[in-house]
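Take the sequence shown: its position 122, counted from the start at 1, is 1096 in the working numbering, and no numbers get skipped. Idealized CB from N, CA, C, for every residue including glycine. These figures come from a predicted structure and were not determined experimentally. Shown next, in structure tokens, is the structure this report addresses.
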Amino acid sequence: MSTIAAEDRALSPAPTGIAARLHALTATGLGLFLLTQCFTLPVLALGPSWTLWQTLPDLTLWFTGLCAALYLKPQGTAAQRQLWWGLVGLFGMSVLALGVLFIYADPLLGTELRFGAFSLYRLVQVLLVFWAASRLEYTPQLLARWHRLATVAFAVTCGGIILTTFSGEAIKFLGRHLPRGLGVSGPWEAYYLYQERGLGFVGFNHGYAALQVMLLGALVLYLRRRLGRGGGEWVLLLALAASFLCNSRAGLAGCAVFVVLELLRFPLRAALTALGLSVAGLISWGWIAPNLTSTAERQATILDASDPGNLAGRTDIWQSIFGELLGDPYRLLVGSGLGSAVINKGNNAHNMVLQVLFETGVVGLVNMGAFFALLLALLLRAGPQARVILNVTAGFLITSLTQETFFPNVGFGSFLPLYALVIAVVMGSGAAGRVPLRRPA
């Protein structure tokens, strides 16, 4: 039983009548949102920009938000309320950071505003997911149903990465359905033109594919443990394999940290898992090796990360951002404005701290640091079952050294809303009952 659960309010009575139906619809909507995380390619070209093309998770989220708005129930636990106000604070800070763009009035202000507005759009989704999920009653039946959905989403995500690694036919087929035209599809052009391997069905960014694998795998393990089920080492092995195949070096490093932290908790299982992985690798090496030479060479550069040549130009980007921030104390304090990095520098910062500093300044970095300090403290207090989410968050922090993992940019799709859902579940499922959950009959 979690420490947080013991401090939360007494259980409210089960919803009845219309409230029960709205509760069920909200839970169903969030379940579909979870399930569709395995396929986050656009399905509806809506709005003036490719950044607003709707995916299946987007569409299910708007439906869920409507149901949740009609379901008049306060947020459940003290931890959920603390994190909610922290998220609201970050959103308010981001709105102010968008206003900073008008102070500088750069020649590319219109483009900066579009990228900044997209960041706010993504943060609205984060707020909506967390708000809706925080108002649910996490019964054993609901958690069991979501465990099945999360398992399917995780398996399909990994399967898509494996399929697109060894065959480009799936990417060719799916790419035909994306809107075409130079300047119309933005980065989605890379998905259907260059047909990069290992992207799966989740987006055009390799780092995003790895993040989805890690987060969905961690959620599967968390729900298994909430339901009193042991094992699950296959999840760790599949996550590690998929992270390797998706060609994201940051993702592989983060997933390795996550897997090691998990296995250290169970030494015997770790030994058996390592043995099984070695046997499987030896058996399949003759078939796999010829098809993965370039992938293996790319991922091997992690072992020599100090070499600037292995950082794909990131050192030049970091030096440029450092120089601009140190040369302008005002910009260092309040940032250049939300959405400015990709315009002013031609690319994002490829480092979470530098991205936040450049766009929101020291003020934004302090606010985000305070939020994550609160989040990590609550995860530590949430009991042993939540340790898997703490461990995967540690893996995400590793990835943030070379990418903007927790920043609402266009490359990482639905990762932040999904992470908000996972955190809301962890902070709320302990209040579903005062006794350990059992496997439903």
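In terms of residue numbering, what span does the alpha helix (DSSP H) encompassing residue i cover?
i: V1308; result: P1303 to V1308
i: V1207; result: The sequence shown places Glu at residue 1207, not Val. Start and end: E1207 to L1219.
i: D1080; result: Unbroken run through D1080: none, as it is neither H nor E.
i: V1231; result: R1223 to L1237
i: R1199; result: H1180 to R1200
i: N1383; result: N1383 -> no alpha helix (DSSP H), and no H or E assigned at all.
i: Y1431; result: One cannot answer for residue 1431 here, as it falls past the ends of the chain, which runs 975 to 1415.
i: E1170; result: No alpha helix (DSSP H) holds E1170; DSSP gives it neither H nor E.
i: L1331; result: M1326 to R1355
i: E1298; result: R1288 to L1300
i: R1361; result: R1361 to T1373
i: G1177; result: It is not in any alpha helix (DSSP H) - G1177 carries neither H nor E in the DSSP assignment.
i: G1204; result: Careful: G1204 lies outside any alpha helix (DSSP H) and carries neither H nor E.
i: L1008; result: G991 to L1009
Can you check DSSP and say which residues form a bridge with residue i?
i: L1018; result: Q1028
Could you tell me whether the Cβ atoms of residue i and residue j are closer together than 8 Å?
i: L1040; j: F1013; result: no
i: G1402; j: A1107; result: yes
i: L1312; j: G1335; result: no
i: G1395; j: L1004; result: The sequence shown places Leu at residue 1395, not Gly. Cβ distance < 8 Å, so L1395 and L1004 count as in contact.
i: T1373; j: A1227; result: yes
i: T1000; j: L1110; result: yes
i: G1181; j: V1209; result: no
i: G1309; j: L1328; result: no
i: A1315; j: E1333; result: yes
i: C1132; j: L1212; result: yes
i: S1159; j: L1152; result: yes
i: T1436; j: A1224; result: No answer is possible for residue 1436: it lies beyond the span of the chain, which begins at 975 and ends at 1415.
i: L1075; j: L1061; result: no
i: G1021; j: V1176; result: no
Buried or exposed for residue i, please, with buried defined as at least 16 other CB atoms from any protein chain shown within 10 angstroms of its CB.
i: N1321; result: exposed
i: G1090; result: buried
i: R1122; result: exposed
i: Q1293; result: exposed
i: L1195; result: buried
i: P1391; result: buried
i: Y1112; result: buried
i: V1100; result: buried
i: E1378; result: buried
i: W1036; result: exposed
i: E1143; result: exposed
i: L1189; result: buried
i: V1231; result: buried
i: L1277; result: Low confidence applies here, because L1277 scores a pLDDT of 49, under 50, leaving its location unreliable and the question unanswered by this model.
i: S1280; result: Annotation note: pLDDT 49 at S1280 (below 50); position unreliable, no value reported.
i: P1048; result: exposed
Any alpha helix (DSSP H) of 4 or more consecutive residues that is wholly inside the stretch 1111–1160: 1114–1140 and 1143–1149
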